[in-house]
Amino acid sequence: MVVQSLTLHDFRCFARAEFHPAPGLNLLSAPNASGKSSLLEAICVLLRLQSPRAGSLAEAVRHGRAGFSVAGRANDRALACHLSRKEGRKLFLDGLARQKSDDYLGLGLVSFFSNEDMELVRGTSSKRRRYLDFLGSQCDAGYLKNLRSYERALRSRNFLLKEGPHRGRELAAYDAPLITAGEYLARVRGMLCAELAPLVADAARAISPRGEDVTLQYAPSGTPDLAAALASAAPEERRLRQTVVGPHRDDVSLHLEGAEAGIFASEGQQRTLVLALRLAQASLIRARRGTPPVYLLDDIFGELDTERRRRLLAALPQDAQCILTTTTWQWLESAGDAMQWAILDGAIIPAS
Ligand SMILES: Nc1ncnc2c1ncn2[C@@H]1O[C@H](COP(=O)(O)OP(=O)(O)OP(=O)(O)O)[C@@H](O)[C@H]1O
Ligand SMILES: [Mg+2]
């Protein structure tokens, strides 16, 4: 997957900007608050219609403007996403408007590394579900459709449970879609985790000079037999007035040398694990889709010691497009063949 060009209008701090990244390694350096994270976010929005940092895309609309536009070429296809506060989202693929996002999302492959990723190890299970969902939507053709239908059924069920026991009969109408989509998600998540486990262990060995033993395991809630789990959880869900089992309660357990990583691993070990999760995610996308995703690494080097920085750079595949940002590359001995970029007055320009 190669992004050939990107044009932004009213996206975060950019009034209008263009970027023509090289197919291989791109190193962007710019001071704080110059738009590095915004630029990588825009590439993620172009390819996946999703922001790695904002809950809602509307947050990315430049202050005081009515909407943003992100357009570009990737793998010789023209992609565009316009978002207006009034009219919502509009998508274009090769110049034609698309009502549904399925074909559009079938193209873009991304692995995003950010310095908020520590939450993957330390944070709540929702962060790890989001990681699996981002992966699942790029590796499995039915994943997003089932995720949306699960979320719809879950919202309706929770609404009725909140209303009270008199809505019990209506509740049953949402069990079938919840169970079908929920069991699908659990099946795919289980397979993804089984494939991820050895990739995470390999990546952790590649980055960490100490070579810790890392294990990853899917920790499902209420599946494989979601119908039976819902039936036995019925008294508790009436009491708590919400759906208490199902993939919205799934987790991924991460252990380092046999101990729970979120609690016992050192800061450096947690960092290594997080990078390993991202590298493994990218490797799995490549294995499933036959082509590497675009690697977007947003300013994560400041957090790493020199040895880990060097090892991470060496772990990036030579044949993938990688776009890395930081405030300074002074620590880098040689940029090799990498294309170097800077941001000056809101313009992304080649750096000498
Ligand atoms: N919706 C928005 N409209 C206008 N400006 C915004 C919007 N969202 C963020 N900004 C501003 O855009 C600027 C660039 O933010 P960004 O996070 O991309 O910078 P950065 O180069 O990654 O900085 P850092 O090195 O601190 O991470 C900041 O000044 C930020 O306040
Ligand atoms: Mg930033």
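Be aware that the sequence shown starts at 999, since it is given in the working numbering, and climbs by one per residue. Glycine residues also receive a C-beta, built at the ideal position from the N, C-alpha and C atoms.
> Closest to Q1328 by CA distance: which of L1026, M999, S1219, V1292 is it?
Replying inline: Locating residue 1328 in the sequence shown gives position 330, counting from the first residue. With distances taken between Cα atoms, Q1328 lies closest to L1026.
> If you compare alpha carbons, which of S1054, R1075, L1091, A1195 is closest to C1083?
Replying inline: For the purposes of this step, residue 1083 is taken as residue 85 along the sequence shown, with counting starting at 1. Reading off the sequence, residue 1083 comes out as Arg, not Cys. It is S1054 whose Cα lies nearest to the Cα of R1083.
> According to DSSP, is T1304 helix, strand or coil?
Replying inline: For the purposes of this step, residue 1304 is identified with residue 306 of the sequence shown, where counting begins at 1. Residue state, collapsed to three classes: helix.
> Shortest alpha-carbon distance to L1282 belongs to which of L1294, R1308, C1191?
Replying inline: By 1-based counting over the sequence shown, the position of residue 1282 is 284. Nearest of L1294, R1308, C1191 to L1282, Cα basis: C1191.
> Which residues in the same chain have their Cβ closer than 7 Å to the Cβ of N1156, if we skip the five residues on either side of it in sequence?
Replying inline: To locate residue 1156, count along the sequence shown from 1; it is residue 158. The answer, listed in chain order, is Q1240, T1241.
>> Using 8 Å for Cβ pairs, my map puts R1126 next to V1250. What's the rounded Cβ distance?
In response: The count along the sequence shown starts at 1 and reaches residue 1126 at position 128. The count along the sequence shown starts at 1 and reaches residue 1250 at position 252. About 4 Å; that satisfies the 8 Å criterion.
> If you measure from the CB of K1098, is any heavy atom of ligand 1 nearer than 7 Å?
Replying inline: The residue given as residue 1098 occupies position 100 in the sequence shown. Result no, Cβ not under 7 Å from ligand 1.
>> Quick check on K1160: buried or exposed, where buried means 16 or more other Cβ atoms within 10 Å of its Cβ?
In response: Here the question's residue 1160 lines up with position 162 in the sequence shown. By the neighbour-count rule (16 or more Cβ atoms within 10 Å), K1160 is not buried but exposed.
>> So the candidates are T1324, S1332, Q1316; which of them puts its Cα closest to the Cα of A1020?
In response: Within the sequence shown, numbered from 1, the residue matching residue 1020 stands at position 22. The shortest C-alpha separation from A1020 is found at Q1316.
> Is the closest heavy atom of ligand 1 to the C-beta of N1024 under 7 Å?
Replying inline: Indexing the sequence shown from 1 puts residue 1024 at position 26. Answer for N1024: no, Cβ out of range of ligand 1.
>> Less than 8 Å between the C-beta atoms of R1046 and G1134, yes or no?
In response: The sequence position of residue 1046 within the sequence shown is 48, counting from 1. The sequence position of residue 1134 within the sequence shown is 136, counting from 1. Not a contact, by the Cβ cut-off of 8 Å.
>> So, under 8 Å CB-CB, D1296 and F1090 are touching, yes? Tell me the CB distance rounded to an integer number of Å.
In response: Residue numbering aside, residue 1296 sits at position 298 when the sequence shown is read from its first letter. Residue numbering aside, residue 1090 sits at position 92 when the sequence shown is read from its first letter. With 8 Å as the limit, D1296 and F1090 do not qualify as a contact, their Cβ atoms being about 26 Å apart.
> How many angstroms separate the CA atom of L1044 from the CA atom of R1146?
Replying inline: One-based indexing of the sequence shown puts residue 1044 at position 46. One-based indexing of the sequence shown puts residue 1146 at position 148. If I take the Cα positions, the gap works out to 20 Å.
> Hey, quick one: how far does the beta strand (DSSP E) through A1280 stretch, first residue to last?
Replying inline: Indexing the sequence shown from 1 puts residue 1280 at position 282. Taken as a continuous stretch (DSSP letters only), A1280 belongs to no beta strand (DSSP E), being part of the alpha helix (DSSP H) at 1265-1287.
>> With a threshold of 8 Å, are at least 3 pairs of Cβ atoms found where one atom belongs to the region 1203-1221 and the other to the region 1177-1185?
In response: yes
>> By alpha-carbon positions, which one of H1080, V1272, R1287, D1092 ends up nearest to E1117?
In response: Counting from 1 along the sequence shown, the entry for residue 1117 is found at position 119. Among H1080, V1272, R1287, D1092, the Cα nearest to that of E1117 is on V1272.
> Fully enclosed by the region 1202-1266, which beta strand (DSSP E) runs are 3 residues long or longer?
Replying inline: 1212-1217, 1249-1254
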